[in-house]
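Scroll down for the structure; my scribbles are underneath it.
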Amino acid sequence: MEFLMPDGALVFVDIDTQRDFLAPGGSLYLADSPRIRPNLARLTTFARDHDIPVLATACAHEPDEPDPEPFPPHCLVDSKGAERIEETRWPGSLVLAPDGTFEPPHGGKKTPAHLTLQKRRYDLFSHPEADRVVAFYAHGEPTFVVYGVAVDYCVGCAVRGLRERGHRVAIVTDAIAAVDPEAMPKLLEEFDAMGVERTTTDAVVGAGG
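Residue numbering for the sequence shown follows UniProt numbering, starting at 1 and increasing by one per position.
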C-alpha cells in the first residue's frame, strides 16, 4: 500500500531500538541490523528537524525477571545493552519507568519531543500508563508511524494495540527487523488485513531526505 503523507500530524513510534538487538555483540543481535540502522538514523533526524514527536519504547528487564520466551538475558536495567543505538539516541528524552506515572509536561500543554516508555514485557500496552500516554499523543488524530524491533514480538504488539484502539498506523518496512526473518511476510499480510499502511523511509522523509 502506497503511503501518502496525511493532512494531520505524525507521531513516530520507535520500538526497542536498543544495543542488545541492533549492535554487534548484543545478546539478541538481529541479522538485519546493518540493513535498517541507516534508515533508523534518517527517521530520527527527520523527527528532530521537523518537530515530529517520538514515542519510544525500551525493554527494561531485571536480572532475575522471568521471560515468557526462552531468550537469553537482554536489555538489563542500567546495562550497556539496554541503551539505544547511536542512530536513535535522543538526549533529554522524558523517561517513564516501568512502574512510573505519566505526568504531561507543562500541564499537558506541550507534547514531549521524545518520550521513552520502559516496559518489562513485549507489549507497549503492558505498561500501566501506556493508554494514557498514547491518548495524549493521539490528540489531533495523527498517524502513528511505527518502526524498530522486533516485528514478531514487540513491534507486532504495538501495531496491533494501536489499531485495536482505532488509531491510524503506518509501518516502515525498511526500518523493521524480526527475530525470525521468515516470519516477516506473513506478519505484514496480517497488518495489511488490519488496515495498517505499509511505507518506506523514503516515502516518509522524502527521497534524499
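Don't be surprised by glycine CBs; every beta carbon is placed ideally from N, CA and C.
A quick note: this is a predicted structure, and the numbers were derived from the prediction, not measured.
Pull up the distance between the alpha-carbon of D64 and that of L76, whole angstroms please.
Translated into the one-based positions of the sequence shown, residue 64 becomes position 64. Translated into the one-based positions of the sequence shown, residue 76 becomes position 76. Roughly 10 Å between the two C-alpha positions.
Could you check if R37 is buried or exposed, using at least 16 other CB atoms within 10 Å of its CB as the buried criterion?
Here residue 37 corresponds to residue number 37 of the sequence shown, with the count starting at 1. The residue in question, R37, is buried, as its Cβ has 16 or more Cβ neighbours within 10 Å.
Secondary structure, beta strand (DSSP E): runs of 3+ residues fully inside the region 91-171
94-96, 114-119 and 143-149
Can you tell me the Cβ-Cβ gap for D131 and L187, rounded? I've got them flagged as a contact below 8 Å.
Taking the sequence shown and counting its residues from 1, the one referred to as residue 131 is at position 131. Taking the sequence shown and counting its residues from 1, the one referred to as residue 187 is at position 187. Rounded, the Cβ-Cβ distance is 24 Å, inconsistent with contact.
Taking the beta strand (DSSP E) that E197 belongs to, which residues open and close that run?
Position 197 of the sequence shown holds residue 197. Residues E197 to T199.
Alpha carbon to alpha carbon, how far is I85 from S33? Give it in angstroms, no decimals.
Taking the first residue of the sequence shown as 1, we reach residue 33 at position 33. Taking the first residue of the sequence shown as 1, we reach residue 85 at position 85. Each residue's alpha carbon lies about 11 Å from the other.
Which residues in the same chain as H127 place their Cβ atom closer than 6 Å to its Cβ, once the five residues preceding and following it in sequence are excluded?
Walking along the sequence shown from the start, residue 127 turns up at place 127. If we look at H127 and ignore the five residues flanking it on each side, its Cβ neighbours are L117 and K119.
If you run the structure through DSSP and keep just helix, strand and coil, what is R84?
The residue labelled residue 84 in the question sits at position 84 within the sequence shown. DSSP places R84 in strand when its eight states are reduced to three.
From the DSSP secondary-structure annotation, give me the bridge partner or partners of residue 290.
Given that the chain is displayed from residue 1 to residue 209, the structure contains no residue 290 and the question cannot be resolved.
Is T57 helix, strand or coil by DSSP?
What you label residue 57 is simply residue 57 of the sequence shown in a count that begins at 1. In this structure, T57 counts as strand in the three-state DSSP scheme.
Specify the secondary structure class of L30 as computed by DSSP and reduced to three states.
Working through the sequence shown from its first residue, we reach residue 30 at position 30. Correct three-state label for L30: coil.
Look up L71 in the DSSP assignment and say whether it is helix, strand or coil.
Locating residue 71 in the sequence shown gives position 71, where the first residue counts as 1. Contrary to the premise, residue 71 reads as Phe rather than Leu in this sequence. The answer is coil: DSSP assigns F71 none of H, G, I, E or B.
At a cut-off of 6 Å, is P63 close to the ligand MN when judged by its beta-carbon and the heavy atoms of the ligand?
The ligand MN is not among the ligands present in this structure, which contains no ligands whatsoever.
Give the DSSP-derived three-state secondary structure of D14 in the structure shown.
For the purposes of this step, residue 14 is taken as the residue at position 14 of the sequence shown. Residue state, collapsed to three classes: strand.
Answer with buried or exposed for G81, where buried requires no fewer than 16 other C-beta atoms within 10 angstroms of its C-beta.
The count along the sequence shown starts at 1 and reaches residue 81 at position 81. By the 10 Å Cβ count, G81 comes out buried.
Ignore the nearest five residues each way along the sequence and tell me which others in L162's own chain have a CB closer than 6 Å to its CB.
Within the sequence shown, the letter at position 162 stands for residue 162. Only F144 and V169 meet the Cβ criterion.
Element boundaries [alpha helix (DSSP H), containing E189]
For the purposes of this step, residue 189 is identified with residue 189 of the sequence shown, where counting begins at 1. Counting along the chain, the alpha helix (DSSP H) containing E189 begins and ends at M184 to A193.
Apart from the five residues on each side of it in sequence, which residues of its chain come closer than 6 Å, Cβ to Cβ, to A56?
To locate residue 56, count along the sequence shown from 1; it is residue 56. Taking A56 as the centre and dropping the five residues before and after it, the same chain places the C-beta of D14 and T116 closer than 6 Å to its C-beta, in chain order.
Under 7 Å, do L96 and I52 count as touching if we go by C-beta distance?
For this step, residue 96 is matched to residue 96 along the sequence shown. For this step, residue 52 is matched to residue 52 along the sequence shown. No.
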